[in-house]
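*Asks:* I'd like to ask you about the structure that follows.
Numbering (this note's numbering), first residue to last: 33 to 501.
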């Protein structure tokens, strides 16, 4: 809207300037034309009087000249003529001060403007005097006033019509489409990707809308690629922990298999050993499947999921790493469901990042607490997950930077600084909030608050989705 207002203002100033200049030029040309017309008229009048003045001057002098001028003036309405003597006399109040035609406009006692034109005359080779023609400027002033009023009305009319056309054209063709594009850019900035074109037009704004939409699709693809890369990095860490964790069941499987192969077991002992091998194999299969599901790149699909179940699965996934670092994971949740709408893999990625950071923050061991709660707020019903460690903590001056890309407090080679930034983007996409509270050398708590999913209707109840298992 600001751009449309500026365009309207610039156009209005241009129109006002053009109309004002045209009106001024019109009045100026009319005044010049009136002046020339008046001068030509005076020349014609004096030219017509010249023979009579010459004859009167030779025969009767000034008095006779004045009488001849007065007689002639009776036939020229709206004008006054008088003779101005050229030879100074002792009792004369008027004498010639110019040898050329001169013109002057003055106001009389009634405030009316009168134009006086003096035309000098030579008779028999000497400057005898001149004729002064006085004309009222009332009609000319009335013409100027009428012209100014007409110009002003035209100016206002053109300005009003142009203003309305540009305003509605600017608002409809420029202002509102730009507002749509700005709103879409804000949505992209908030992480709502991808975005369809906000405008379906064949002009430049339509091309800009298509370019913005294409940019949002490319950002969505790049964002998914970065998240997948981060998950693969986490998978490497998890695999290292699982390799250690799977050593025990593999030893059990190998030992039981050796006993069966020795032939020294009774049928019942063979059956029990087989059951043990089967149980340990299923345990390892579950761990490997969880790891593969977590590493798999899949499109984002928001469904109804239970964040409590995701928290349980994630804790089980991180437990081998935690055991290796002498860290215990304490999951505190009741039996109620914590439903949200979102992507299970992405939410698991957020919690995995928090738990991995918590374990790494306690090299000497300790307890990581994962607590769930249902909270009422001004934003409605929220599902909140708190991950608290007993590690080194984060200095206050670094708290405002922990979610920035490539910012890390870990040693070189131990982190890229993308994990928390990616987690922040995922939570924002899900309409949630993420917060961190820390006390140095005491504890750090990462909290994720997500909007609760609406209860499904009885007519069309969705199946509850859980994390990959």
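All residues carry an ideal CB built from backbone N, CA and C; glycine is no exception.
Being a predicted model, the structure only gives us computed values, none of them experimental.
Specify the secondary structure class of residue 15 as computed by DSSP and reduced to three states.
*Replies:* Outside the displayed range of the chain (33 to 501) lies residue 15, so it cannot be described from this structure.
*Asks:* Any chance the segment 390-400 sits against the segment 352-368, with 3 or more Cβ pairs inside 8 Å?
*Replies:* Enough Cβ pairs lie closer than 8 Å, so yes.
*Asks:* State the DSSP-derived secondary structure class of residue 191, mapped to helix, strand or coil.
*Replies:* Here residue 191 refers to the residue found at position 159 when the chain shown is read from its first residue. Three-state result, residue 191: helix.
*Asks:* Less than 9 Å between the beta carbons of residue 365 and residue 390, yes or no?
*Replies:* On the chain shown, residue 365 is found 333 positions in, with the first residue counted as 1. On the chain shown, residue 390 is found 358 positions in, with the first residue counted as 1. No, these two residues do not count as a Cβ contact at 9 Å.
*Asks:* Using only the alpha-carbon positions, how far apart do residue 384 and residue 350 sit?
*Replies:* Position 352 of the chain shown, counting from 1, holds the residue named residue 384. Position 318 of the chain shown, counting from 1, holds the residue named residue 350. For residue 384 and residue 350, the distance between alpha carbons rounds to 7 Å.
*Asks:* On the DSSP letters alone, give me the boundaries of the beta strand (DSSP E) that residue 151 sits inside.
*Replies:* As a position in the chain shown, residue 151 is number 119, starting the count at 1. It spans 145-155 - the beta strand (DSSP E) in which residue 151 sits, taken as one unbroken run.
*Asks:* Roughly how many whole angstroms lie between the Cα atoms of residue 301 and residue 308?
*Replies:* Here the question's residue 301 lines up with position 269 in the chain shown. Here the question's residue 308 lines up with position 276 in the chain shown. When rounded, the distance between both Cα atoms is 10 Å.
*Asks:* Can you give the Cα-Cα distance for residue 224 and residue 461, rounded to whole angstroms?
*Replies:* For the purposes of this step, residue 224 is taken as residue 192 along the chain shown, with counting starting at 1. For the purposes of this step, residue 461 is taken as residue 429 along the chain shown, with counting starting at 1. About 6 Å.
*Asks:* Using alpha carbons as the reference points, say which of 415, 422 and 74 lies closest to residue 162.
*Replies:* Working through the chain shown from its first residue, we reach residue 162 at position 130. The candidate whose alpha carbon is nearest that of residue 162 is 74.
*Asks:* Once the 5 residues before and after residue 413 are set aside, which same chain residues still bring their CB inside 6 Å of it?
*Replies:* The residue labelled residue 413 in the question sits at position 381 within the chain shown. Once the five neighbours on either side are set aside, the close Cβ partners of residue 413 are 484.
*Asks:* Look up residue 483 in the DSSP assignment and give the residues it is bridged to.
*Replies:* If you number the chain shown from 1, residue 483 lands on position 451. Per DSSP, 414.
*Asks:* With a threshold of 16 other CB atoms inside 10 Å of the CB of residue 113, please say whether the residue is buried or exposed.
*Replies:* For the purposes of this step, residue 113 is taken as the residue at position 81 of the chain shown. So residue 113 ends up on the buried side.
*Asks:* For residue 249, I'd like the list of residues in its chain whose CB is within less than 7 Å of its CB, leaving aside the five on either flank, ordered along the chain.
*Replies:* If you number the chain shown from 1, residue 249 lands on position 217. Closer than 7 Å at Cβ, skipping near neighbours: 226.
*Asks:* Are the segment 230-240 and the segment 207-214 in contact at 8 Å, needing three or more beta carbon pairs?
*Replies:* Touching, per the Cβ criterion.
*Asks:* Mapping DSSP to helix, strand and coil, what is residue 50?
*Replies:* Along the chain shown, one-based indexing puts residue 50 at 18. Helix at residue 50.
*Asks:* Measuring only between beta-carbons, confirm whether residue 225 sits less than 9 Å from chain D.
*Replies:* Within the model displayed, chain D is absent; a lone protein chain is all it includes.
*Asks:* Skipping 5 residues on each side, what residues in its chain have a beta carbon closer than 7 Å to that of residue 190?
*Replies:* Sequence index remark: in the chain shown, residue 190 carries index 158 (1-based). For residue 190, where only same-chain residues beyond five positions count, the Cβ hits under 7 Å are 47 and 51.
*Asks:* Smallest Cα separation from residue 67: which of 289, 136, 88 and 115?
*Replies:* Start at 1 with the first residue of the chain shown, and residue 67 comes out as number 35. For residue 67, the nearest C-alpha among the options comes from 136.
*Asks:* Which residues in the same chain as residue 407 place their Cβ atom closer than 6 Å to its Cβ, once the five residues preceding and following it in sequence are excluded?
*Replies:* Against the chain shown, residue 407 aligns to sequence position 375. Cβ neighbours of residue 407 beyond the five flanking positions: 414 and 416.
*Asks:* Is there contact here, the segment 333-345 with the segment 366-379, by at least three beta-carbon pairs under 8 Å?
*Replies:* Yes, the segment 333-345 touches the segment 366-379.
*Asks:* Quick check on residue 174: buried or exposed, where buried means 16 or more other Cβ atoms within 10 Å of its Cβ?
*Replies:* Along the chain shown, read from residue 1 onward, the residue named residue 174 stands at position 142. Residue 174 comes out exposed.
*Asks:* Between the beta-carbon of residue 422 and the beta-carbon of residue 354, is there less than 9 Å?
*Replies:* As a working note, residue 422 is residue 390 in the chain shown. As a working note, residue 354 is residue 322 in the chain shown. No; because the gap between Cβ atoms is not below 9 Å, this pair is not in contact.
*Asks:* Classify residue 333 as helix, strand or coil using the three-state DSSP reduction.
*Replies:* Here residue 333 refers to the residue found at position 301 when the chain shown is read from its first residue. It is coil, neither helix nor strand.
*Asks:* Does residue 478 come out as helix, strand or coil in the three-state DSSP assignment?
*Replies:* On the chain shown, position 446 is the one that residue 478 refers to. It is a strand residue.
*Asks:* Classify residue 164 as helix, strand or coil using the three-state DSSP reduction.
*Replies:* On the chain shown, position 132 is the one that residue 164 refers to. The answer is strand: DSSP assigns residue 164 an E or B state.
*Asks:* Once you ignore the five residues that flank residue 86 on each side, which residues in its own chain have a CB closer than 7 Å to its CB?
*Replies:* Here residue 86 refers to the residue found at position 54 when the chain shown is read from its first residue. Excluding residues within five positions, the ones whose Cβ falls inside 7 Å are 155.
*Asks:* Note down the Cα distance separating residue 165 from residue 79, rounded to an integer number of angstroms.
*Replies:* As a working note, residue 165 is residue 133 in the chain shown. As a working note, residue 79 is residue 47 in the chain shown. When rounded, the distance between both Cα atoms is 12 Å.
*Asks:* Quick check on the burial criterion: 16 or more other C-beta atoms within 10 angstroms. Buried or exposed for residue 115?
*Replies:* Walking along the chain shown from the start, residue 115 turns up at place 83. The residue is buried, with at least 16 neighbouring Cβ atoms inside 10 Å.
*Asks:* Please classify residue 60: is it buried, with 16 or more other beta-carbons within 10 angstroms of its beta-carbon, or exposed?
*Replies:* Residue mapping note: residue 60 aligns to position 28 of the chain shown, counting from 1. So residue 60 ends up on the exposed side.
*Asks:* Could you work out which residue in 316, 144, 320 and 285 is closest to residue 304 when comparing CA atoms only?
*Replies:* For the purposes of this step, residue 304 is taken as the residue at position 272 of the chain shown. Among 316, 144, 320 and 285, the Cα nearest to that of residue 304 belongs to 285.
*Asks:* Alpha carbon to alpha carbon, how far is residue 486 from residue 372?
*Replies:* The residue labelled residue 486 in the question sits at position 454 within the chain shown. The residue labelled residue 372 in the question sits at position 340 within the chain shown. Distance between the alpha carbons of residue 486 and residue 372: 8 Å.
*Asks:* Suppose the cutoff is 7 Å on Cβ atoms and the five residues either side in sequence are ignored; what does the same chain contact list for residue 216 look like?
*Replies:* As a working note, residue 216 is residue 184 in the chain shown. 227, 230 and 244, listed in sequence order.
*Asks:* Alpha carbon to alpha carbon, what distance is there between residue 148 and residue 43?
*Replies:* Position 11 of the chain shown, counted from the start, is the residue given in the question as residue 43. Position 116 of the chain shown, counted from the start, is the residue given in the question as residue 148. In a straight line, the C-alpha of residue 43 is about 45 Å away from that of residue 148.
*Asks:* Put residue 426 into one of helix, strand or coil per three-state DSSP.
*Replies:* Counted from its first residue, the chain shown places residue 426 at position 394. Three-state result, residue 426: coil.
*Asks:* Grab me the residues of residue 123's own chain with a C-beta within less than 6 Å of its C-beta, minus the 5 sequence neighbours each way, in chain order.
*Replies:* The sequence position of residue 123 within the chain shown is 91, counting from 1. With a pLDDT of only 43 at residue 123, under 50, the local geometry of the prediction cannot be trusted, and the value read off the model is given with reservation. Within the same chain, residue 123 has no close Cβ partners at all.
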